[in-house]
Structure formats: C-alpha cells, structure tokens
Amino acid sequence: MNIKHSLQNFLFRARRYLHLNGSKQQSVTTQPKADKQTPSLQLKGQIQLSALQDTQEVAGLCKVLYTIQLQDGENLADNKLELQVLDQNNQVLHQQPLNPEQMGEENWLALNSHRLDNGALALKVQLLVDGQAQLAAVLNMTIDNSGELAERVKHSLARAESPKVITGDCNTTLFNFGDEAVVPWFDRADAKQRLAAKAEKDPFVKEHLNNFNDFLDEGYMVVSGWLDDEFIDKLNSEMDDAVAKKIQDYEIGSSQRIMGLHNRYQNINKLWRLPKVLQMLEHIFEDAPRPCQTLTYVYGSQQSYHQDTVHLTPFPAGYMCGVWVALEDIQAGSGELRVLKGSHRLPRIYRETVDCPQVFNNQWDQFATTVDQKWQDMINDNNFEEMSYLAKKGDILIWHENLMHGGSLRENIDQSRRSIVSHYFAKGGLGFYDSSGMPAILL
Ligand SMILES: O=C(O)CCC(=O)C(=O)O
C-alpha cells in the first residue's frame, strides 16, 4: 500500500515538475492506434467506474472510483500500462502510468470540474496497453459550476493551470492559495464596511448583525433558539440508538466520535441540512453551502487545539465552516469545546507549509511533529483569550475554517457532552482533505 502511494506521489511530483518547467503534456484528440507491425492484443476484462457525488450536478472536485478488472490469466507484467481519461470529444484530460499491481484494486481520481465546461460530460476512463486502448468505461454526468464564486474560481484555476484530473495526492500546490481575487469578503480588510452594506440590504443580516460581527472579530458566532426541544429529543434518541447498536464499534464512555450518522438517521440528516443554518452559511459564503460530514460525540473529544484548514481544506481558503450543535446543557469538566478568540487570523497551516507528508493508514507521527508542532508554536507566540463553551441545549456555534479549537480534558469522566458537528463548503469552490491528500466528499 505504502509503496503504491509513494510511487503515485513520485509520479505526481514528476508530472508537476515537468509542468512547471514548460513541458506541459499536450492534449491530443485521436485514440492511440496499434502499431501495424505488432499483432494487436485482445484484452479481456472490464473497468468499473462510479462517482461519489450526484452526477446530475457535479461541482468542484468530483471523486471518481475506478477498478480495472482483468480476466483470470491475463498477465501484463511486461507491458507498458497507462490510464487515460477523456471527454466525449476524445480530448485527453489526463494520462498516467499504471502498475500491474493496481489491476483489480479500487483507485480514485478527482475530476477538477471547474476546469471543464458546464453541461453534459461523458467521462471516459480507459486502459492503454503499450499505447493501445484496450478496456474503457464511460460515466455520464452534468457539470454545474455556476454562480459568481464558481466563475472567480474557474478563472483562478485556469490562471494557475490547475490539472483537470488529480490522482494520488490532492494538495495545496494544485491551486493558487495566494490569489487575491478569490479572498472571501469576511477575510478582507474592509469586512466591517461590507457587513454594514449587507445589513442595509438584507433583514436576516440586520437581525443577526451581532453574530456576524462576532464571526469577523472572534472567528465564531453562537445562535440560540433555532431548535426546539422536541427535535433535540429525537436527535438524542437517534444518538442512543447508534450507541446501543455500537455503530463503528462505538465504545460506551469513550471520546470516540461516530461518523456519518446523517446517512443513517432521518433527524440527524435534517439537522445537517437545517434551513436556518444553511441560510446563515449562505450569507457567510455569499454562495450556497454544501454539507460535508457529521461527527457525533456522546462525550468530549479531548482533541488538542487545531485549525480545520488542513483537514477540511477549501479552495479558495475560508470557504468552509464548522457547525457545533449542543444536544444537552454542557457541563464544566465534561470536556467542553474550547476556542481561541481571534485565532482565525493566524496563518493557515497546510502540509506544504511545514513539509509534512500525506497521512496514510492513520499514521499521524510526522503530522504531529510538523503541523501539530507549528500550531502549538503559534499558540505559544500569541496571547489569545480562551473561550470554554458551556452551551445550552440547542445552541449552535459556527466557526471560521481557520479558528483554533479543540476539546478540553474530561475532568468528570462520567459526564456526557452530547453534540453533533457538521462541516460545510461553498458550492462555487472546491474541497479536499489536505492531511490525507483526498478529494472531499460533499453532498
Ligand atoms: O467537539 C469537539 O470537541 C471538537 C470537534 C472538532 O474539533 C471538529 O469537529 O473539528
């Protein structure tokens, strides 16, 4: 597994190097033809292709899974194998060498859909053997990167010559994170003036002006009264059910989080798409929000201070928010959420910033000595005020993507701290998980 990933990583970096040095791969519109001198191979097998996104409305990075399955007995150890990705006009979007060991394994590629035209796309993935197209599969989809943010992102990615297809490692070198043209309004020097102008125009912004000011000044806001007790009781019952069923081997009393319960439970799904939260995020992003994941905690997480930036990475930077919902009155000593006020203005730390390798198989050792260490140094070098969050049942905290936050120590180990965290990206941008180098899976 590691050898495979190192090879993919090496190939990725080699391509990037060539790219930066001007030897950009040319797109060709013809299918590779067999050499007339050699008898053509008739390979038997198939390619399985699927997208982890609604293919009717593909936006941002679309994770596509492919498995090349050869019929028993086919041995390609001595052949030159390549993966080719094309559009319906046979325009080559991407080509890369493949290892024989990759046959039969599930692999991923990320379609960088802002780099393609909106509208119908027949994505073709094929195997080339010694330059000859052998097996192919087609996935039909509709690309829809529309709106003002998507337009700005399209131009930014075009200027940066961001690849149309990404494999092996999604990271910050593929996009121009320094592009001033895509900085969100709330991260700009004139954010306060922009907010005042928004409040003039929009009653929702006017009503929540204090919340928006908190978001600008402190990096988070807290809203109360959006959830009624009856709904919260239903959420708690769903959490109890997940605990009783030991979903994801949940160990009662532990700090373990249960992931993705919105896929299983109706009310958690409803919370994940709560109209009021979406409306608030729409004002923050000036674009529609796309829910990403849910994390359910029965007890405190005890996570150390971190920025989400490196784990749930939006491009452009800033276009991701975390939303933390209290399902009970939170008690001191339960491992309450804590945040460092104003820390969202710290530099963003990515793998590239501190030369940290991709994290595979939950091996966080190098991440700890690079990224974690850098976070700790930044916290020590500053003097942020800590806010220990004793939320009331139903309170909702929304944090800026770069805010330092974490869970306190569970001093009272028996005290629960029931909460659900969801993360949201902006529809016009794109998302990936920089720490693991994977494209994000978004609704
Ligand atoms: O709830 C907590 O203690 C921390 C949650 C968190 O850090 C996150 O979801 O990013």
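The opening position of the sequence shown corresponds to residue 741 in our numbering, with each subsequent residue numbered one higher. Every residue, glycine too, gets a C-beta built ideally from N, C-alpha and C.
Asked	Found
For V768, count neighbouring C-beta atoms within 10 Å of its own C-beta (all shown protein chains included) and say buried if the count is 16 or more, exposed if not.	Residue placement at V768 is poorly supported in this model, since its pLDDT is 29, which falls under 50; the coordinates still yield a value, given next. It is exposed - the Cβ of V768 has fewer than 16 other Cβ atoms within 10 Å.
Cα separation between M979 and A1066?	13 Å
If we cut at 9 Å on Cβ distances, does P1179 have a partner in chain D?	Of the protein chains in this structure there is only one, and it is not chain D.
Between which residues of its own chain and S1128 is the CB-CB distance below 7 Å, once the five residues before and five after are set aside?	E1076, R1078 and S1148
For S1162, is the classification buried or exposed, using 16 other Cβ atoms within 10 angstroms of its Cβ as the cut-off for buried?	buried
Within 10 angstroms of the Cβ of M1144, are there 16 or more other Cβ atoms? Answer buried if so, exposed if not.	buried
Please say whether Q1047 and R997 have beta carbons closer to each other than 9 Å?	no
Going by DSSP, what residues sit across from L861 in a beta bridge?	M881
Rank V832, G908, L861 and W1064 by C-alpha distance to the C-alpha of W966 and give the top, closest one.	W1064
Please work out which residues of its chain come closer than 6 Å, Cβ to Cβ, to K938, disregarding the five sequence neighbours upstream and downstream, and give them in chain order.	V945
Using the C-alpha atoms, what's the distance from V905 back to D870?	22 Å
DSSP three-state label for R1013, please.	coil
Going straight from the alpha carbon of P1179 to that of G1171, what length do you get?	6 Å
Using CA atoms only, rank isn't needed, just tell me which of L1035, L935 and P1031 is closest to F952.	L935
Using the rule of at least 16 other Cβ atoms within 10 Å of the residue's Cβ for burial, across every protein chain shown, is S1053 buried or exposed?	The residue you asked about is not Ser; residue 1053 is Thr in the sequence shown. Buried.
So K1114 is in the alpha helix (DSSP H); what residue range does that whole segment cover?	Q1113 to D1121
With E822 as the anchor, note down where its beta strand (DSSP E) starts and where it stops.	L821 to L826
CA-CA distance, D775 and A873?	Summary for D775: the model assigns pLDDT 45, below 50, so the residue's position carries little reliability; its value from the coordinates is reported in the next sentence. So the two alpha carbons sit approximately 12 Å from each other.
On a Cα-Cα basis, can you pick out the residue from N1007, D954, G993 and V962 that is closest to D969?	N1007
Looking only at DSSP bridge pairs, what is A803 linked to?	One point to set straight first is that residue 803 is Lys, not Ala, in the sequence displayed. K803 pairs with A850.
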